[in-house]
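*Asks:* Submitted below is the structure of interest, expressed as structure tokens.
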Amino acid sequence: MNPTKIRCPHCGNSILVKHSGKTKCSACGTMLYVEEQEKSVQINVNGQVNYGRRMSPELFVISMVLCAVASIFFIFLPMLTRSSRKAEPKEKAHYATTLTDPVLVRVFTDAFEKEPSAWTAEDYASVKEISFQMKSWTLLYLDVSFADDSKKRIPIYHDTDTVELDGTAFQAFPNLEALRAASGNTGDDVRISFDSTEYTPNLGNLKKLKILYLPNNGGYQKKPDRLAELVADPGAIEELGGVALTEAADVDELAKRFPNLKTLFIDRREAEIPLSGLRTLSKLEELGTDLDTKSNEDLPELSQIKRMQLRVQTSEGYVKDLQFLSSLTQLDSLSLVGADEMKNLNMIAPLTNLKELRIYGGRELRSIAPLASLTELRTLEFENCYGIEDLSVLSSLTKLQSLHVADSVGHFAAALPDLSALPALEELTADADMIPQFAGCTGLKKLTIEAEGADDSNDFSLLAGLSNLEELRIDCGIVTSELTNIDSLAVLPNLKTVTVTGRTGPLSLRAFPHATAITVIMNSTGTAALRLTSELDSDNTALESLRIFGYEGGVQIGGYNSTVRDTAALMQLSHCKALRELRLNHCGLTDLAFTSGLSNLEILDMSGNRIEDVSPLTDLPKLRLFLSADNAIQNIAVLRGRDLVVSE
1 MNPTKIRCPH
11 CGNSILVKHS
21 GKTKCSACGT
31 MLYVEEQEKS
41 VQINVNGQVN
51 YGRRMSPELF
61 VISMVLCAVA
71 SIFFIFLPML
81 TRSSRKAEPK
91 EKAHYATTLT
101 DPVLVRVFTD
111 AFEKEPSAWT
121 AEDYASVKEI
131 SFQMKSWTLL
141 YLDVSFADDS
151 KKRIPIYHDT
161 DTVELDGTAF
171 QAFPNLEALR
181 AASGNTGDDV
191 RISFDSTEYT
201 PNLGNLKKLK
211 ILYLPNNGGY
221 QKKPDRLAEL
231 VADPGAIEEL
241 GGVALTEAAD
251 VDELAKRFPN
261 LKTLFIDRRE
271 AEIPLSGLRT
281 LSKLEELGTD
291 LDTKSNEDLP
301 ELSQIKRMQL
311 RVQTSEGYVK
321 DLQFLSSLTQ
331 LDSLSLVGAD
341 EMKNLNMIAP
351 LTNLKELRIY
361 GGRELRSIAP
371 LASLTELRTL
381 EFENCYGIED
391 LSVLSSLTKL
401 QSLHVADSVG
411 HFAAALPDLS
421 ALPALEELTA
431 DADMIPQFAG
441 CTGLKKLTIE
451 AEGADDSNDF
461 SLLAGLSNLE
471 ELRIDCGIVT
481 SELTNIDSLA
491 VLPNLKTVTV
501 TGRTGPLSLR
511 AFPHATAITV
521 IMNSTGTAAL
531 RLTSELDSDN
541 TALESLRIFG
551 YEGGVQIGGY
561 NSTVRDTAAL
571 MQLSHCKALR
581 ELRLNHCGLT
591 DLAFTSGLSN
601 LEILDMSGNR
611 IEDVSPLTDL
621 PKLRLFLSAD
631 NAIQNIAVLR
641 GRDLVVSE
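Oh and the sequence shown: position 628 is 628 in the working numbering, straight run, nothing missing.
Right, dumping it as structure tokens:
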């Protein structure tokens, strides 16, 4: 054969073959057998191999280990990179220590009774709880509780749809235990966001926070994991509101992040997300949530829950099948919201442990006879359930302490039974049409009358026998009401607190000679005015607080035909010798002459008027707080140098 070059199949070395037969690789020692078949060379490795250069076992093991380590390194390199990034030190948190939010500055000037420049760290640390309460379309109350257990209620008047607040402002209260910015009665009046660029956008410095209710229109992330990042210690939170569940995993995440919840209000729950995972929350006793339009059989599984607030009308539609309610026999409190299409209460009859039942929006409801089995009821509320045809079962609920049978959009077709058979009844809300039916409830201590459109047929003189009455609220709505014979209530010796809302006819202070606090709240719609008369026959030594919250051009001070700028009637307030607090907000007033003689006045709030001259205030020896926002004061300097806090 002709000399031919081949490659060793073992090591790849080039071998010059000159003839057929055996040959040896000079590099690795492999014996080869070469033969020529036609024009190709056939190589057979059939000889012995010289292992003189073979890798030692130890070296082989080491090489294999190194290869394995290298493989693992390259597999986990991305994870190591991410981990190293997470390990990088976070930016140091920066929390607010003083208030700068203009709304809250004004509110806490009132609460602390100090100018902001005089607020101390001790003042901020004394605030324990902050809660918002909606009172009308233009009025919010902010309730503040302090470390010494004292409380103050501060009005927030607003002419916008929503009061905007930066959530980082609450960082200034290091000992805050409760923040309730939504609890079912603030509507959309408050909006809290956490988009500050100056401070860390959370409440991470509030180590004592246990209760957190955030508004449903807030600018914050509502999913459980993001809410957990909003607070210092999710495990310390006992009450939580404002949660969104958008996927099934959110339920388990919620239970994991907030293991010690006692109260939970779910703001939004997507369809077909079961709540069975909440069973692990052993301390959970109260739940508020949307119902699911397809199935709610998960709710009976939550046997630890004693109080439920269920929204029947959801974004997905109305929940028609409520039969599952009959299984919730452990409940002692049940609220059904938006129950417009519910026609009977048969499914509630088995809930014999109920002490509280509230039904809002049951316009199709006709019979409430099944309530006869709920003999433990203490509180019963029907709102906008004016189609009920028979209320006689109420007289059998002898343990009732609080009853609400009034409407904001209609009047009950059925008459009230004799409520004198309810010896424990102390609190009642009813339509003005029902006055003759409850006038004999002499045990009442708190009474609210829905008096929208009230006329001469609603005779308030029938209430003169309610000798134990301590609180009276009259809601007149947006239809002007004539409160006939209201002066006859002057005989009620224990009536201390009076609130009138909406549009009403003449209202005289003479009707409430024993009241220590009177509040009048106007609605911001319509043109009819409240006409407050204050002619007093003699000195009034009871009234300590008078609050009138109006709107521009909407309140008439004086007689029935007086104009908004006629303040002569207010001069009669000098007879109120005990008056300590006077708030006349947005009443269109132009001068302060009426304050002459108010020698015991300590707090004066004239926000939202047209005051220019404040010199009459220099004659008030005890005045210590003057709130004057939204006026046109020209000589505020005359009040400087006195022991007086002025908030402009």
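Cβ atoms here follow ideal geometry from the backbone N, Cα and C, with glycine treated the same way.
Fair warning: this is a prediction, and the values are worked out from it, not measured in the lab.
Helix, strand or coil for Met571, going by three-state DSSP, please let me know.
*Replies:* Met571: helix per DSSP, three-state reduction.
*Asks:* Express the C-alpha separation of Ala464 and Pro621 in angstroms, rounding to a whole number.
*Replies:* Cα to Cα, the separation comes out at about 38 Å.
*Asks:* Of the choices Leu365, Gln309, Glu341, whose alpha-carbon is the least far from that of Leu357?
*Replies:* Selected option, being the one with the closest Cα: Gln309.
*Asks:* Between the alpha carbons of Ala121 and Leu245, how many angstroms are there, rounded?
*Replies:* If I take the Cα positions, the gap works out to 38 Å.
*Asks:* I'd like to check one pair, Leu227 with Pro259: are the Cβ atoms closer than 8 Å?
*Replies:* Against a cut-off of 8 Å, the Cβ pair of Leu227 and Pro259 comes out as no contact.
*Asks:* Measuring only between beta-carbons, confirm whether Phe382 sits less than 8 Å from chain C.
*Replies:* Looking at the structure shown, chain C is missing, and only one protein chain is on hand.
*Asks:* Cβ atoms of Cys587 and Leu543: under 8 Å apart, would you say?
*Replies:* For Leu543 and Cys587, no; Cβs fall outside 8 Å.
*Asks:* Starting from Arg583, follow the alpha helix (DSSP H) in both directions and report where the run begins and ends.
*Replies:* Careful: Arg583 lies outside any alpha helix (DSSP H), inside the beta strand (DSSP E) at 581-585.
*Asks:* Tell me whether Glu660 sits in a helix, a strand or coil according to DSSP, three-state version.
*Replies:* Given that the chain is displayed from residue 1 to residue 648, the structure contains no residue 660 and the question cannot be resolved.
*Asks:* Starting from the N-terminal side, write out each stretch of the alpha helix (DSSP H) that is 4 residues or longer and does not extend beyond the segment 430-502.
*Replies:* Segments of the alpha helix (DSSP H) lying fully in the segment 430-502: 435-438.
*Asks:* Can you check whether the CB of Leu625 is closer than 8 Å to the CB of Ile603?
*Replies:* Closer than 8 Å, so yes.
*Asks:* Roughly how many angstroms lie between the CA atoms of Thr516 and Asp149, to the nearest whole one?
*Replies:* Roughly 22 Å between the two C-alpha positions.
*Asks:* Tell me Leu291's beta-bridge partners as DSSP assigns them.
*Replies:* Answer is none; Leu291 lacks a bridge partner.
*Asks:* Output the boundary residues of the alpha helix (DSSP H) element that contains Ala255.
*Replies:* That run of the alpha helix (DSSP H) goes 249-257.
*Asks:* DSSP three-state label for Glu301, please.
*Replies:* In this structure, Glu301 counts as helix in the three-state DSSP scheme.
*Asks:* If you draw a straight line from the alpha carbon of Leu601 to that of Ser508, how long is it in whole angstroms?
*Replies:* For Leu601 and Ser508, the distance between alpha carbons rounds to 21 Å.
*Asks:* So, Pro423 versus Leu391, is the Cβ gap smaller than 8 Å?
*Replies:* Their beta carbons are not under 8 Å apart, which means Pro423 does not touch Leu391 by this criterion.
*Asks:* Report the CB separation of Thr329 from Asn353 in whole angstroms; it is logged as a contact under 8 Å.
*Replies:* Confirmed, Cβ separation roughly 7 Å.
*Asks:* Drop a sphere of 10 angstroms on the beta-carbon of Ser647, count the other beta-carbons inside from all chains shown, and report buried for 16 or more, exposed for fewer.
*Replies:* Buried, since its Cβ has 16 or more Cβ neighbours within 10 Å.
*Asks:* Going by the CB atoms, is the gap between Leu425 and Asp110 shorter than 8 Å?
*Replies:* It is not a contact, given that the beta carbons lie outside the stated cut-off.
*Asks:* Out of Ala349, Gln313, Ser599, Lys283, which has the shortest C-alpha to C-alpha gap to Leu573?
*Replies:* Ranking the options by Cα distance to Leu573, first place goes to Ser599.
*Asks:* Out of curiosity, what's the CA-to-CA distance linking Asn494 and Arg473?
*Replies:* Roughly 14 Å separates the two Cα atoms.
*Asks:* Can you give the Cα-Cα distance for Ser145 and Ser457, rounded to whole angstroms?
*Replies:* The alpha-carbon atoms of Ser145 and Ser457 are separated by roughly 43 Å.
*Asks:* Going by CA-CA distance only, name the one from Arg311, Leu345, Asp321, Ser327 that's closest to Val337.
*Replies:* Nearest option by C-alpha distance: Arg311.
*Asks:* I'd like the list of long-range same chain contacts for Ser196, defined as Cβ closer than 7 Å, with 5 residues on each side in sequence excluded.
*Replies:* Closer than 7 Å at the Cβ level, and outside the excluded window around Ser196, lie Asp166, Thr168.
*Asks:* Measure the C-alpha to C-alpha separation of Pro201 and Ala125 and round it to an integer number of angstroms.
*Replies:* Distance between the alpha carbons of Pro201 and Ala125 is about 20 Å.
*Asks:* Classify Gln221: buried if its beta carbon has 16 or more other beta carbons within 10 angstroms, exposed otherwise.
*Replies:* Label assigned to Gln221: exposed.
*Asks:* Kindly list the residues whose CB is nearer than 7 Å to the CB of Met434, restricted to its own chain and excluding five residues on each side of it in sequence; keep chain order.
*Replies:* Same-chain partners within the cutoff: Leu416.
*Asks:* So Leu284 and Ile305 are in contact, right, with Cβ under 8 Å, and what is the actual spacing, rounded?
*Replies:* Indeed, because the Cβ distance is near 6 Å, the residues count as touching under 8 Å.
*Asks:* Have a look at Val105, Thr429, Ile359 and flag the residue whose alpha-carbon is nearest the alpha-carbon of Asp475.
*Replies:* Out of Val105, Thr429, Ile359, Thr429 has the C-alpha closest to the C-alpha of Asp475.
*Asks:* Using the DSSP secondary-structure output, state which residues sit across from Gln313 in a beta bridge.
*Replies:* Paired residue(s): Tyr318.
*Asks:* Where do the ends of the beta strand (DSSP E) carrying Phe173 lie?
*Replies:* Here Phe173 belongs to no beta strand (DSSP E), and DSSP marks it neither H nor E.
*Asks:* Along the chain, where does the beta strand (DSSP E) containing Tyr141 start, and where does it finish?
*Replies:* From DSSP, the beta strand (DSSP E) with Tyr141 extends over 139-146.
*Asks:* Considering only the alpha carbon of each residue, which of Ser420, Ile521, Ser193 lies closest to Asn585?
*Replies:* If we check each option's Cα against that of Asn585, Ile521 comes out closest.
*Asks:* Quick one: grab the DSSP three-state call for Met347.
*Replies:* Correct three-state label for Met347: helix.
*Asks:* Alpha carbon to alpha carbon, how far is Val661 from Asp431?
*Replies:* Nothing can be reported for residue 661: it is not among the residues displayed for the chain, which extend from 1 to 648.
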